[in-house]
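Asker: So for the sequence shown, numbering that gives the first Met the number 0 puts the first residue at 0; every next one is plus one.
For each residue, glycine too, the CB sits at the ideal point set by N, CA and C.
Take a look at the following structure, please.
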Amino acid sequence: MNLIYFSAFRAVMLTGTVSAAAELLGRSQPAVSRLLDKLEAELGVTLFERRRGLVTPTSVARLLLDEIERAYVSLDSLRSFAARVAEGESSRIDTAIMPALALGFVPRLLAKFQAEWPKTKILLHVTVSARVEEWAASQQIDIGLAETPFRRSGFRIESFSDTPYVAAVPAGHPLADKSWIEPADLVGVPFISWASVTSGGQLVAQAFRSSGIKYEPAYETTVSATMYQLVKHGMGVGLVDPYTAVIETDERVRIIPFMPTIPFNVALLRPDSRPPNRAADALLDLLASERDAALQRLPR
């Protein structure tokens, strides 16, 4: 089975059309179509439904793409390893970080890190906690930050943060002047919560059940920054992680403690077989100091 078959398939899945994939690969459209036909023939499955010149991925195609993306991450890891061998192991740090930390908190501290380690390159994968865990277990990163719990092995786990989620309330909302907010305050109030597939969503639902309050979120999301934006535009009250609350400051949003406390449990993942890296250790020290400084700004 030729790897170019998978390259053509991936290009079509990413661009949406055979013609766009052909342009991306520098090949003709008929050539890409032939590669897709050969891949389907070798696999013995239908990957695309073809109608009037359009290709629509089947469910099998979407499953195959997930496997191929994992393979591409492995190839990136090999390239990273070769680069470290050629340039010195501290020349690059591969990280995978959950969105709550990667969209605001980490980019701000990287400017400070760059001043101290100007020759060190950082690869920042922004992805869900389950994928961070997967990459740490397969030894593809130097550092991971993800929300617990974990099911895999192959990495060391250190607690990074357990500061609780906080309520984000529109500034003009009747709840905006409260000292703390609890589930009973949110009865009849549009509530923005985490999707049920996330750890946060499950913890929030449990907090409502324990308080005897029916859990009926008006909106659900998997990204804390999105939740903050919804609150900022007056869509309701949300529970955001403490890092988003500190970074995404806006006069249109009030940050208020939530009771009962729901810990935002984040762990640092260090793969077992990655070699020691002085630059990575320096980055970890900076992460810890910036974490402590950021959390000091939360209301108590």
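Buried or exposed for G143, going by 16 or more other Cβ atoms inside 10 Å?
Answerer: Indexing the sequence shown from 1 puts residue 143 at position 144. Buried, because 16 or more other Cβ atoms sit within 10 Å of the Cβ of G143.
Asker: Looking at the structure shown, is F263 part of a helix, part of a strand, or coil, going by DSSP?
Answerer: Within the sequence shown, the letter at position 264 stands for residue 263. It is coil, neither helix nor strand.
Asker: Hey, quick one: how far does the alpha helix (DSSP H) through T225 stretch, first residue to last?
Answerer: Taking the sequence shown and counting its residues from 1, one reaches residue 225 at position 226. Per DSSP, T225 belongs to the alpha helix (DSSP H) from 223-231.
Asker: Relative to the alpha-carbon of I213, which residue among G237, S198, L185 has its alpha-carbon at the smallest distance?
Answerer: Position 214 of the sequence shown, counting from 1, holds the residue named residue 213. Reading the sequence as shown, one finds Lys at residue 213 and not Ile. It is L185.
Asker: When you compare only the Cα positions, how much space is there between L122 and L46?
Answerer: In the sequence shown, residue 122 corresponds to position 123, counting from 1. In the sequence shown, residue 46 corresponds to position 47, counting from 1. Cα-Cα distance, rounded: 32 Å.
Asker: So for W193, helix, strand or coil by DSSP?
Answerer: As a first step, residue 193 must be located in the sequence shown, where it is residue number 194. Here W193 sits in strand by DSSP.
Asker: Which of the three DSSP states, helix, strand or coil, is assigned to E250?
Answerer: Here residue 250 refers to the residue found at position 251 when the sequence shown is read from its first residue. Correct three-state label for E250: coil.
Asker: Give me whichever residues DSSP pairs with R50 in a beta bridge.
Answerer: The sequence position of residue 50 within the sequence shown is 51, counting from 1. Paired residue(s): L53.
Asker: Select from H232, P262, G235, D161 the residue whose C-alpha is nearest the C-alpha of Q205.
Answerer: As a position in the sequence shown, residue 205 is number 206, starting the count at 1. Cα-wise, what sits closest to Q205 is P262.
Asker: Rounded to whole angstroms, what is the Cα-Cα separation between A135 and L268?
Answerer: Position 136 of the sequence shown, counting from 1, holds the residue named residue 135. Position 269 of the sequence shown, counting from 1, holds the residue named residue 268. Their backbone Cα atoms lie some 7 Å apart in a straight line.
Asker: How far does the alpha helix (DSSP H) with V203 in it reach, from first residue to last?
Answerer: For the purposes of this step, residue 203 is identified with residue 204 of the sequence shown, where counting begins at 1. 198-209 is the span of the alpha helix (DSSP H), which, as asked, contains V203.
Asker: Taking the alpha-carbon positions, what's the S210 to A266 distance?
Answerer: Taking the first residue of the sequence shown as position 1, residue 210 is located at position 211. Taking the first residue of the sequence shown as position 1, residue 266 is located at position 267. Distance between the alpha carbons of S210 and A266: 28 Å.
Asker: For R150 and A30, what's the separation of their Cα atoms in angstroms?
Answerer: Along the sequence shown, one-based indexing puts residue 150 at 151. Along the sequence shown, one-based indexing puts residue 30 at 31. Spanning the two alpha carbons is a distance of roughly 43 Å.
Asker: How should W179 be labelled, buried or exposed, when 16 other C-beta atoms within 10 angstroms of its C-beta is the threshold for buried?
Answerer: Position 180 of the sequence shown holds residue 179. That one is exposed.
Asker: Quick check: what's the CA-CA separation for M234 versus D249?
Answerer: Reading the sequence shown from its first residue, position 235 is the one you call residue 234. Reading the sequence shown from its first residue, position 250 is the one you call residue 249. One C-alpha to the other measures close to 15 Å.
Asker: Mapping DSSP to helix, strand and coil, what is S58?
Answerer: Position 59 of the sequence shown holds residue 58. In this structure, S58 counts as helix in the three-state DSSP scheme.
Asker: Is the stretch 62-73 close to the stretch 101-116, with three or more CB pairs under 8 Å?
Answerer: No contact exists between the stretch 62-73 and the stretch 101-116.
Asker: Assign P182 to one of two classes, buried (16 or more other C-beta atoms within 10 Å of its C-beta) or exposed (fewer than that).
Answerer: Position 183 of the sequence shown, counted from the first residue, corresponds to residue 182. Answer is buried; the Cβ neighbour count reaches 16.
Asker: Could you check the C-alpha separation between Q125 and D93 for me, to the nearest Å?
Answerer: The sequence position of residue 125 within the sequence shown is 126, counting from 1. The sequence position of residue 93 within the sequence shown is 94, counting from 1. Here residue 125 is Val; the residue named in the question, Gln, does not match the sequence. Cα-Cα distance, rounded: 11 Å.
Asker: Give every residue of the same chain whose Cβ lies closer than 7 Å to the Cβ of A293, excluding the five residues on either side of it in the sequence, and list them in chain order.
Answerer: Translated into positions along the sequence shown, residue 293 becomes position 294. F104, Y242, V245.
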